[in-house]
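Number of protein chains: 2
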Amino acid sequence: MSTQARRQRERAEREQAIVAAARDLALAEGWDAVTTRRLAAEIEYSQPVLYSHFKGKDAIMAAVAVEGFAELATALVSARASAPDPRQAVADVATAYVAFAQQRPAIYDAMFTLAVDLPFASQDVPTDLARGFAELAETVRPFVDNDDLEAVTETFWSGLHGLVTLMRSGRLRRADHDRRLAVLVDRFSR
Amino acid sequence: MSTQARRQRERAEREQAIVAAARDLALAEGWDAVTTRRLAAEIEYSQPVLYSHFKGKDAIMAAVAVEGFAELATALVSARASAPDPRQAVADVATAYVAFAQQRPAIYDAMFTLAVDLPFASQDVPTDLARGFAELAETVRPFVDNDDLEAVTETFWSGLHGLVTLMRSGRLRRADHDRRLAVLVDRFSR
DNA sequence: ACAGGAACGCTAGCGGTGCTAGGATTGCTG
DNA sequence: CAGCAATCCTAGCACCGCTAGCGTTCCTGT
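Top line first, the protein sequences correspond to chains V and G.
Counting from 4, one number per residue, gives the positions in the first sequence under our numbering.
Counting from 4, one number per residue, gives the positions in the second sequence under our numbering.
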């Protein structure tokens, strides 16, 4: 019994090491630098070991994304909680969202632009993703009729996502970011 | 003189054939299916010929994107021109934008999510991209102070882009798309 | 204590990618 | 018609994600 438990624990630790290595490598050098060979070297095991934990590289990226959902949700919760009033809450949550995306671009990509089909119908993501989404909904709720809440929340979210991605790919000048964010916030907090 | 002119013309035709093949293949099977080998087979030349026309695969994708900018601009111009009033123009232009992205997802990706750094500081793209952007600006102009026009246009564009990309990657339910688009239009036309 | 067996992780390799060096062939030019 | 220059192809490089198959190690039941 005990040895089995130890093995299971070691296995779980190694799995976590894989995800952590992928995350660190992606943050430092982008997802292109995250190859199965480099990942294997990083955790000091051979390549095939990765495939005993994950179905493939996509699944590893998905695991990194799952961690990201939890982080993002926490950031949004904290931003809203410390806002003095509802209008400022919209601004602060928007700023927190953008800050998350800009400080961890690789993780944001794994969450929202790459790794499409993986864990969106599973048990893990919905929890943290729903937490983040619910936080956005509560933020805009004071400014919207109840029956429109979901659509407005999703549209607000899309605006943030669009600002982040277009700016990151060079389609929008970084210098004007604050003005654009102010426009978006204004349009969703009145 | 004449032979040289013919050669130059044939070369231009072959270059166009490469771009067309890339475009068709991407539309039919996605960019993953567009490999240099398949592209070469499609135009009935060997691989290295591609590199005598383009620096690499990215440059070919960029050429496809350039064509896309022209198409999108035309679609937006036509949508605004046939709108009965300014408010409806916002709705129609938004619908046309989304329709373009949904009908040519691969080309939209080449324009806005992949192929980051290529021709954004060249002579070709700015023309058609600016045409599309100007059309968006004229569409929202009736509803905004002049000194905010650029920021509002960019933010409106970001909203459209966010809706498109999040829906396409499965983060937003397709069924509620019309409601979300109506929210966005409403927020930018009053 | 020991034989048997299962779990484990490695080496090696497959088919594919983008890209390039080098030589052969072609076709124009003087 | 000789020579040259442009053109295009064959072959191959280094890398990718992924997997088959084999040794070794370690746990298990007698």
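Glycine included, C-beta positions come from ideal geometry on N, C-alpha and C.
Model, not experiment: these values are computed from the prediction.
query, result
"Can you check whether the C-beta of residue 36 of chain G is within less than 8 angstroms of a C-beta belonging to chain V?", "no"
"Below 8 angstroms on the Cβ atoms is my contact criterion, and I expect residue 114 of chain V with residue 185 of chain V to pass it. Report the Cβ-Cβ distance as a whole number of Å.", "That pair is no contact at about 25 angstroms."
"Can you give me the start and stop residues for the alpha helix (DSSP H) that residue 58 of chain G sits inside?", "Taken as a continuous stretch (DSSP letters only), residue 58 of chain G belongs to no alpha helix (DSSP H), as it is neither H nor E."
"Indicate whether residue 182 of chain V and residue 154 of chain G have their beta-carbon atoms separated by less than 8 angstroms.", "yes"
"If the cut is a Cβ gap below 9 angstroms, which residues of chain V does residue 168 of chain G touch?", "115, 116, 161, 164, 165 and 168"
"DSSP on residue 190 of chain G, reduced to helix/strand/coil?", "helix"
"So that I know if they touch, is there some Cβ in chain V lying closer than 8 angstroms to that of residue 175 of chain G?", "yes"
"Quick check on DSSP: helix, strand or coil for residue 40 of chain V?", "helix"
"Which residues bound the alpha helix (DSSP H) around residue 95 of chain V?", "89-106"
"Is it true that the CB of residue 29 of chain V sits closer than 8 angstroms to the CB of residue 109 of chain V?", "yes"
"Would DSSP call residue 48 of chain V helix, strand or coil?", "coil"
"Compute the Euclidean distance between the alpha carbons of residue 106 of chain V and residue 47 of chain G, then round it to the nearest angstrom.", "46 angstroms"
"Mind checking which residues open and close the alpha helix (DSSP H) that includes residue 167 of chain V?", "152-171"
"Rounded to the nearest angstrom, how far is the Cβ of residue 60 of chain G from that of residue 39 of chain G, given a contact under 8 angstroms?", "6 angstroms"
"Within 8 angstroms of any Cβ in chain V, is that where the Cβ of residue 172 of chain G sits?", "yes"
"Give me the Cα-Cα distance between residue 242 of chain V and residue 57 of chain V, rounded to the nearest whole angstrom.", "Since the first residue of chain V shown is 4 and the last is 193, residue 242 of chain V is not available in this structure."
"What separation, rounded to the nearest whole angstrom, lies between the Cα atoms of residue 168 of chain G and residue 161 of chain V?", "8 angstroms"
"List, in order along the chain, the chain G residues whose C-beta lies closer than 8 angstroms to that of residue 61 of chain V?", "What residue 61 of chain V touches in chain G: nothing, since even the nearest Cβ is about 13 angstroms away."
"Let me know the secondary structure DSSP gives residue 22 of chain G once reduced to three states.", "helix"
"Measuring alpha carbon to alpha carbon, tell me which residue in V/177, V/192, V/117 and V/171 is nearest residue 140 of chain V.", "V/192"
"Tell me whether residue 76 of chain G sits in a helix, a strand or coil according to DSSP, three-state version.", "helix"
"For residue 141 of chain V and chain G, any beta-carbon pair shorter than 8 angstroms?", "no"
"Mind pulling the chain G residues with CB within less than 7 angstroms of residue 187 of chain V?", "158"
"Going along the chain, which residues of its own chain have a beta-carbon closer than 8 angstroms to the beta-carbon of residue 88 of chain G, five neighbours each way excluded?", "none"
"Using a Cβ-Cβ cut-off of 8 angstroms, state whether residue 96 of chain V counts as contacting chain G.", "no"
"Could you give the C-beta distance for residue 80 of chain V and residue 163 of chain V, rounded to a whole number, given that I count them as a contact under 8 angstroms?", "The Cβ separation is near 16 angstroms, so there is no contact."
"Check residue 81 of chain G in the structure and name its three-state DSSP category.", "helix"
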